[in-house]
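Novice:
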Amino acid sequence: MKHILLNEHLRSKFGERVQRISLDPGFVCPNRTLKRGACIFCDEIGSASPWLRKGMTITEQLERGARFAFRRYKAKKYIAYFQAYTTTNATAKELEKIYEEALLFPGVVGIAVSTRPDAIADEVLCVLEKYSKKTYLWVELGAQSMNDKSLVWMNRGHSSSVFSEAVKKLKNKGIEVVGHIIFGLPVEDKEEIIDSFNRFIATGVDGYKIHALHIIKGTKLAAMYEKSPFKLLNVDEYIFLVRKALELTPYGTIIHRLTGEVDETRLLAPKWILEKNDIIRRILA
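The following block contains the structure:
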């Protein structure tokens with residue numbers, strides 16, 4: 027069965043290459059502002075692209091990203107990807123302002139919104155529904171695992187049922203949902219990883235991103251690893267698990283990512299995730 031990769035899906039929908047441009051709207055993650063603190067794998071830039079600089083407007087970020095997208099991919103159409111931290115942690119007015127600014131930028135054909143499953147307030151849901159009718163839009167939710175013990179270990183601050191309910195709430199409004207899940211948590215064995223993925227898919231996500239657990243310098247996870255190293259998946263184990271996940275993926279699900287990537291200077295371990303293109307080639311072989 028041929029799987030639907032995001033680039034192919036966007037090319038089919040818009041007739042040409044469409045490139046995501048990562049944006050930081052300047053909002054914070056609510057998990058970081060509570061006493062329990064951040065997720066153990068998250069660093070100070072909160073998944074933002076390293077080239078972004080604080081204080082840049084959405085238009086300035088899009089201008090910079092568009093220059094890079096054209097130089098590298100010859101792309102002239104873009105998805106405005108609100109990625110850093112929790113990009114729904116704002117008022118409806120603030121969200122509408124940044125979405126309108128993004129949609130005014132030449133070549134922007136859609137919006138992607140990355141957030142937490144416990145950060146979809148009713149007023150946020152109304153804004154997302156409004157813009158899903160105005161442009162192509164998807165919402166990315168981090169499940170990370172469907173095992174509650176793993177969510178506690180990661181300090182996620184929500185349960186697996188919260189993720190399931192958020193997916194249902196968004197899809198009931200006709201909004202496309204992309205889930206994130208991590209393979210290789212040391213508190214899960216291989217059977218638990220696959221079971222977690224099965225329950226993740228069963229929520230009805232329209233697409234997904236799979237990430238290998240990797241350790242970023244300066245995080246709580248890095249401190250834990252340096253104090254008492256735990257086993258990380260090797261590349262062969264990871265490829266086996268992702269290929270198994272693909273076998274379990276319903277046709278029509280859009281695959282946004284099969285492995286993550288990170289700047290080498292920020293990565294503590296495992297080093298094999300730096301070979302992204304080779305890993306994807308081996309998974310899809």
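With our numbering, letter number 234 in the sequence shown gets 260, and the count goes up by one each step, no holes. In this text, a Cβ means the ideal position worked out from N, Cα and C, and glycines have one as well. Treat the numbers as computed from the prediction; the structure is a model and nothing was measured.
First and last residue of the beta strand (DSSP E) that includes E166?
Specialist: Position 140 of the sequence shown, counted from the first residue, corresponds to residue 166. Run containing E166: Y162 to Q170, per the beta strand (DSSP E) assignment.
Novice: What residues are listed by DSSP as bridge partners for Q109?
Specialist: Locating residue 109 in the sequence shown gives position 83, counting from the first residue. In the DSSP output, where bridge partners are listed per residue, Q109 has none listed.
Novice: Taking DSSP's pairing of strands, which residues face L293 in a bridge?
Specialist: Along the sequence shown, one-based indexing puts residue 293 at 267. I242, per the DSSP bridge assignment.
Novice: Do A110 and D69 have their C-beta atoms closer together than 7 Å?
Specialist: Here residue 110 corresponds to residue number 84 of the sequence shown, with the count starting at 1. Here residue 69 corresponds to residue number 43 of the sequence shown, with the count starting at 1. Contact: no.
Novice: When DSSP builds the beta bridges, which residues end up paired with A138?
Specialist: Residue numbering aside, residue 138 sits at position 112 when the sequence shown is read from its first letter. Answer is Y107 and W164.
Novice: CB-CB under 7 Å to V213, same chain, minus the five flanking residues each way: which ones, in chain order?
Specialist: Here the question's residue 213 lines up with position 187 in the sequence shown. These residues qualify, in order along the chain: K175, S176 and W179.
Novice: Let me know the secondary structure DSSP gives I207 once reduced to three states.
Specialist: Residue numbering aside, residue 207 sits at position 181 when the sequence shown is read from its first letter. Note: I207 maps to strand in three-state DSSP.
Novice: Report yes or no: do the region 297-304 and the region 35-46 share at least 3 C-beta pairs separated by less than 8 Å?
Specialist: Touching, no, given that fewer than three Cβ pairs across the two stretches are closer than 8 Å.
Novice: Roughly how many angstroms lie between the CA atoms of G72 and V134, to the nearest whole one?
Specialist: Numbered from 1 along the sequence shown, position 46 holds the residue referred to as residue 72. Numbered from 1 along the sequence shown, position 108 holds the residue referred to as residue 134. Residue confidence for G72 is low, a pLDDT of 46 falling below 50, so the modelled location carries little weight; the figure read from the coordinates is stated next. The straight-line gap from Cα to Cα measures roughly 24 Å.
Novice: Among all the DSSP beta bridges, which residues are the ones paired with L129?
Specialist: By one-based count along the sequence shown, residue 129 stands at place 103. Paired residues: none, contrary to the question.
Novice: Where does I220 fall in DSSP's three states?
Specialist: Position 194 of the sequence shown holds residue 220. The answer is helix: DSSP assigns I220 an H, G or I state.
Novice: By Cβ distance below 6 Å, which residues in the same chain neighbour K243 in space, the five residues on each side in sequence not counted?
Specialist: Translated into the one-based positions of the sequence shown, residue 243 becomes position 217. Excluding positions up to five away in sequence, the list reads R292 and L294.
Novice: Distance, Cα to Cα, P276 vs G230?
Specialist: Residue numbering aside, residue 276 sits at position 250 when the sequence shown is read from its first letter. Residue numbering aside, residue 230 sits at position 204 when the sequence shown is read from its first letter. Approximately 10 Å between the Cα atoms of the pair.
Novice: Could you tell me the alpha carbon to alpha carbon distance between E287 and L121, rounded to whole angstroms?
Specialist: By one-based count along the sequence shown, residue 287 stands at place 261. By one-based count along the sequence shown, residue 121 stands at place 95. Going by the C-alpha atoms only, they are around 28 Å apart.
Novice: Which residues share a DSSP beta bridge with G233?
Specialist: Counting from 1 along the sequence shown, the entry for residue 233 is found at position 207. Partner(s): V204 and I280.
Novice: What does the Cβ neighbour count give for K103, buried or exposed, with the cut at 16 atoms within 10 Å?
Specialist: Here residue 103 is taken as the residue at index 77 of the sequence shown, counted from 1. Burial call: buried.
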